[in-house]
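**Student:**
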Amino acid sequence: MARITGVDKALVKKAAHAYATASAAMEFHGLGVTEQKQGTATVQLIADLALITGNVGKPGAGVNPLRGQNNVQGAADMGCQPHQGAGYLDVTLAENHHRYNAFYGVDIVPDHVGYKSPEMMQAAIDGKLQALWIIGEDILQTDPDTNKVKQALQSLDFLICQEIFLTETARMATVILPASPSFEKDGTFTNGERRIQRVRRIREPLAGTKPDGQIIIDLMNRMGYPQAAYTPQGMLEEISRIAPFFAGVQWDQLGDNGKQWPLGRDGQGTKILHAEAFKIGKGKLSFIPFEESNEIRRHGIEYPYILTTNRELAHYNCGNMTRRTKNTEILGEDLLLINPLDAAKEGISDGDMIRVESPRGEIASRAKLTDEVKPGILSTTFHFPETTLNVITSDECCPETLCPEYKVVCCRVG
Numbered sequence: 001m002a003r004i005t006g007v008d009k010a011l012v013k014k015a016a017h018a019y020a021t022a023s024a025a026m027e028f029h030g031l032g033v034t035e036q037k038q039g040t041a042t043v044q045l046i047a048d049l050a051l052i053t054g055n056v057g058k059p060g061a062g063v064n065p066l067r068g069q070n071n072v073q074g075a076a077d078m079g080c081q082p083h084q085g086a087g088y089l090d091v092t093l094a095e096n097h098h099r100y101n102a103f104y105g106v107d108i109v110p111d112h113v114g115y116k117s118p119e120m121m122q123a124a125i126d127g128k129l130q131a132l133w134i135i136g137e138d139i140l141q142t143d144p145d146t147n148k149v150k151q152a153l154q155s156l157d158f159l160i161c162q163e164i165f166l167t168e169t170a171r172m173a174t175v176i177l178p179a180s181p182s183f184e185k186d187g188t189f190t191n192g193e194r195r196i197q198r199v200r201r202i203r204e205p206l207a208g209t210k211p212d213g214q215i216i217i218d219l220m221n222r223m224g225y226p227q228a229a230y231t232p233q234g235m236l237e238e239i240s241r242i243a244p245f246f247a248g249v250q251w252d253q254l255g256d257n258g259k260q261w262p263l264g265r266d267g268q269g270t271k272i273l274h275a276e277a278f279k280i281g282k283g284k285l286s287f288i289p290f291e292e293s294n295e296i297r298r299h300g301i302e303y304p305y306i307l308t309t310n311r312e313l314a315h316y317n318c319g320n321m322t323r324r325t326k327n328t329e330i331l332g333e334d335l336l337l338i339n340p341l342d343a344a345k346e347g348i349s350d351g352d353m354i355r356v357e358s359p360r361g362e363i364a365s366r367a368k369l370t371d372e373v374k375p376g377i378l379s380t381t382f383h384f385p386e387t388t389l390n391v392i393t394s395d396e397c398c399p400e401t402l403c404p405e406y407k408v409v410c411c412r413v414g
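As structure tokens, this is what we get:
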């Protein structure tokens, strides 16, 4: 491990001892753990460490993923994944299929696992996916292997983009549905500690725009599935009836601090999960041996640098919102971080525009010499579409989640 990570084994032992002997210890991890081929395996091993040291189900302990956006938890809770519906219910199980159909009075709820995002791109190219409705995501800027994504979008018969700005993806849309940002609508966000929090509108939506929920209901009504008038209160009531762990959640009782699902009979939230039992019962710990990334195995010699993508504090994700603010005075372009030793070897000076090439293509970026990255490692952001960073990233994914391997991109510079 010391050879692969560059972390001294004595420090690893010291950290392990501190974690194992603490009365309570918490683990936090971000996208650096999950955006790689062994992302799921790494998270499972982190959970194993918490279990064997007793750091689960008590105050000050636990495994805490820091999600990439403010409502990732809420989106997952509501079934924004192809294998589960609202409440994490398996869509392939007959009882869940019947539950959803009966609740909505239809007989069309899918009973099979759909495509994950990378699979959608390939399916579109293969002619198996004809239409796509994208809500609030600029996949042409954020998804890996931009050329493949562009080919997929061009292969569609019909592309709907529901957006607050004209993004790179929206420019390719057949139809654009103008939406309202979070500041212009009421609703809830659910954060990483399962806390359902009120979102309060601070201004009326711009003329011609609507909240996402209203847009969806309008389309349902037009397509022959009559819906009640859209209200945030009504949506939360519907959620509390269909998602088991949202049972008892009421709009007027969220208050200023929200509620942590699941709620007890007294209406109070659950501060700590797994205090008495695990939802899935008992089982064996999983151990997954280290396996080198296919990207490095295939391209590591010809493309000797490893580039990892990240975000800077001044910008939010792909920058569609923050690029329209004075934040661009803090950071006005994507910079390529390179260690001074590597820069000297490649004849690169601070501020130079350099070519970064991978097996998928090449981009140009301005170099920033810094000790923040160690030799052999490059780092950059994806806040500005002009950089077209994801032209060079790979569509290699974690086999379990199909989360792209943004943290391991073999490249060379010049």
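Following the UniProt record's numbering, the residues of the sequence shown are numbered contiguously, the last one being 414. For each residue, glycine too, the CB sits at the ideal point set by N, CA and C.
1) Quick one: is R360 buried, meaning 16 or more other Cβ sit within 10 Å of its Cβ, or exposed?
2) To the nearest angstrom, report how far apart D395 and E362 are at their CA atoms.
3) Suppose the cutoff is 8 Å on Cβ atoms and the five residues either side in sequence are ignored; what does the same chain contact list for Q260 look like?
4) Quick check: what's the CA-CA separation for T388 versus F382?
5) Would the beta-carbon of Y225 be found less than 7 Å away from any heavy atom of the ligand SAM?
6) Can you give me the start and stop residues for the beta strand (DSSP E) that Y100 sits inside?
7) Hey, which unbroken runs of the beta strand (DSSP E) at 3 residues or more fall wholly within the stretch 6-39?
8) What's the gap between the Cα of C161 and the Cα of K284?
9) Quick check on this structure: which residue in P262, Q73, D252, A152 has the alpha carbon closest to the alpha carbon of F246?
10) In chain order, which continuous runs of the alpha helix (DSSP H) of length 4 or greater are located wholly inside the UniProt domain "Molybdopterin dinucleotide-binding" (305-409)?
11) Quick check on the DSSP output: what are the complete beta strand (DSSP E) runs of length 3 or more inside the stretch 38-92, in order along the chain?
12) Nearest to residue 415 by CA position, among V12, T42, G57, R3, is which residue?
13) Which same chain residues end up closer than 7 Å to Q214 when comparing Cβ atoms and leaving out the 5 residues on each side of it in sequence?
14) Would you check if the distance between the CB atom of K368 and the CB atom of L341 is smaller than 8 Å?
15) When you compare only the Cα positions, how much space is there between M321 and N221?
16) Please report the distance separating the alpha-carbon of P244 from that of S365.
17) What's the C-alpha gap between A212 and S180?
18) When you compare only the Cα positions, how much space is there between V391 and Q233?
19) What whole-angstrom Cβ distance do K185 and R201 have, given they're in contact under 8 Å?
20) Locate the alpha helix (DSSP H) running through L159, then write down its first and last residues.
21) Using CA atoms only, rank isn't needed, just tell me which of E35, A50, L177 is closest to P144.
22) Among S358, E291, E312, which one has its Cα closest to the Cα of Y305?
23) Mind checking who G187 pairs with in its DSSP beta bridge?
24) With 16 other CB atoms within 10 Å as the buried threshold, where does G30 fall?
25) Taking only the alpha-carbon atoms, compute the straight-line gap between D90 and C80 and give it to the nearest angstrom.
26) Taking the continuous alpha helix (DSSP H) assigned at P118, which residues delimit it?
27) From C410, L402, G281, pick the residue whose C-alpha is nearest to that of G39; which is it?
28) Determine which residues share a DSSP beta bridge with P178 and list them.
29) Mind checking if N70 is an interface residue toward chain D, Cβ cutoff 8 Å exclusive?
30) Taking A118 as the reference, which of Q154, C398, G224 has the closest Cα?
31) Under the assumption that G267 contacts Q253 (Cβ atoms under 8 Å), give the Cβ distance between them as a whole number of angstroms.
**Tutor:** The answer reads as follows:
1) Position 360 of the sequence shown, counting from 1, holds the residue named residue 360. Burial call: buried.
2) Locating residue 395 in the sequence shown gives position 395, counting from the first residue. Locating residue 362 in the sequence shown gives position 362, counting from the first residue. Each residue's alpha carbon lies about 15 Å from the other.
3) Within the sequence shown, the letter at position 260 stands for residue 260. Correct list, in chain order: E193, R194, R195, I196, G269, T270, K271.
4) As a position in the sequence shown, residue 388 is number 388, starting the count at 1. As a position in the sequence shown, residue 382 is number 382, starting the count at 1. For T388 and F382, the distance between alpha carbons rounds to 8 Å.
5) Although the ligand SAM was asked about, the structure shown includes no ligands whatsoever.
6) As a position in the sequence shown, residue 100 is number 100, starting the count at 1. Segment 94-104 is the alpha helix (DSSP H) holding Y100; no beta strand (DSSP E) there.
7) 26-29
8) By one-based count along the sequence shown, residue 161 stands at place 161. By one-based count along the sequence shown, residue 284 stands at place 284. C-alpha separation (whole angstroms): 44 Å.
9) By 1-based counting over the sequence shown, the position of residue 246 is 246. Per the Cα distances, P262.
10) 340-346
11) 62-65
12) Residue 415 lies beyond the residue range present for the chain, which begins at 1 and ends at 414; the question has no answer from this structure.
13) As a working note, residue 214 is residue 214 in the sequence shown. Excluding residues within five positions, the ones whose Cβ falls inside 7 Å are Y230.
14) By one-based count along the sequence shown, residue 368 stands at place 368. By one-based count along the sequence shown, residue 341 stands at place 341. No, the pair does not count as a contact, with Cβ atoms beyond the cut-off.
15) Position 321 of the sequence shown, counting from 1, holds the residue named residue 321. Position 221 of the sequence shown, counting from 1, holds the residue named residue 221. About 31 Å.
16) The residue given as residue 244 occupies position 244 in the sequence shown. The residue given as residue 365 occupies position 365 in the sequence shown. Answer to the nearest angstrom: the Cα atoms are 49 Å apart.
17) Counting from one through the sequence shown, the residue named residue 212 turns up at place 212. Counting from one through the sequence shown, the residue named residue 180 turns up at place 180. Note that residue 212 is Asp in the sequence shown, not Ala. D212 and S180: Cα-Cα distance of roughly 7 Å.
18) Your numbering for residue 391 matches position 391 in the sequence shown. Your numbering for residue 233 matches position 233 in the sequence shown. About 43 Å.
19) By one-based count along the sequence shown, residue 185 stands at place 185. By one-based count along the sequence shown, residue 201 stands at place 201. Contact flag correct, Cβ pair sits at about 5 Å.
20) Residue mapping note: residue 159 aligns to position 159 of the sequence shown, counting from 1. First-last for L159: 158-163, but that is the beta strand (DSSP E), not the alpha helix (DSSP H).
21) On the sequence shown, position 144 is the one that residue 144 refers to. It is E35.
22) If you number the sequence shown from 1, residue 305 lands on position 305. Selected option, being the one with the closest Cα: S358.
23) Position 187 of the sequence shown, counted from the start, is the residue given in the question as residue 187. Paired residue(s): V199.
24) Mapped onto the sequence shown, residue 30 falls at position 30. Answer is exposed; the Cβ neighbour count stays below 16.
25) As a first step, residue 90 is located in the sequence shown; it is residue number 90 there, counting from the start. As a first step, residue 80 is located in the sequence shown; it is residue number 80 there, counting from the start. Rounded to the nearest angstrom, the two C-alpha atoms are 12 Å apart.
26) Here the question's residue 118 lines up with position 118 in the sequence shown. From DSSP, the alpha helix (DSSP H) with P118 extends over 117-125.
27) Locating residue 39 in the sequence shown gives position 39, counting from the first residue. Of C410, L402, G281, the residue nearest in Cα terms is L402.
28) Position 178 of the sequence shown, counted from the first residue, corresponds to residue 178. In the DSSP output, where bridge partners are listed per residue, P178 has E163.
29) Protein chain content of the structure displayed is limited to a single chain, and chain D is not contained in it.
30) Here residue 118 is taken as the residue at index 118 of the sequence shown, counted from 1. A small correction: the amino acid at residue 118 is Pro; Ala does not occupy that position in the sequence shown. Closest option to P118, Cα to Cα, is C398.
31) On the sequence shown, position 267 is the one that residue 267 refers to. On the sequence shown, position 253 is the one that residue 253 refers to. G267 to Q253, Cβ: 7 Å. Contact.
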